[in-house]
Amino acid sequence: MAKKSMVNREVKRAKLVKQHASKRAALKAVINDQAKPVEERFKASIKLAELPRNSSAVRLHNRCQLTGRPHAFYRKLKLSRIMLRDLASFGQIPGMVKSSW
1 MAKKSMVNRE VKRAKLVKQH ASKRAALKAV INDQAKPVEE RFKASIKLAE
51 LPRNSSAVRL HNRCQLTGRP HAFYRKLKLS RIMLRDLASF GQIPGMVKSS
101 W
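Below you can see the structure in the form of structure tokens.
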């Protein structure tokens, strides 16, 4: 199990990303628009830099929903490989069976 503080930090980051997503998208659109004057684009880049760092989606890290493990993460199921195997062994994941040959 991951430390509670790390899991809570990721939850906080996800909340900030969701909160500032529209503002960041609008500022990035202004910055990338070549038709706008340079001064306006520069002001938009300064406003973007003033937003919290953790409001950037790049800073999010995928973690297992059950354990908080950051490595060996399956995006489709939002689980780590260890929990995926445990749940599959107990028959909790429909259609997944232990392989044997």
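Under this note's numbering, think of the first position of the sequence shown as 1, with each following residue one higher.
We treat Cβ as the ideally placed atom computed from N, Cα and C, and that holds for glycine.
Just so we're clear, the structure is a prediction, and the values are computed from it rather than from any experiment.
Task: Pick from Ala-44, Lys-28, Pro-37, His-61 that is closest to Lys-10, judged by C-alpha positions - done: Correcting the residue type first, residue 10 is Glu in the shown sequence and not Lys. Of the candidates Ala-44, Lys-28, Pro-37, His-61, the one whose C-alpha sits nearest the C-alpha of Glu-10 is His-61.
- [ ] Just grab the DSSP bridge partners of Ser-80 for me.
- [x] Ser-80 pairs with Phe-73.
Open item on the list: Suppose you measure from the CA of Met-83 to the CA of Ala-35; what does that come to, to the nearest Å?
Closed with: Approximately 51 Å between the Cα atoms of the pair.
Task: Residues near Ala-57 by beta carbon distance below 6 Å, same chain, minus five either side - done: Taken in chain order, the residues that qualify are Val-17.
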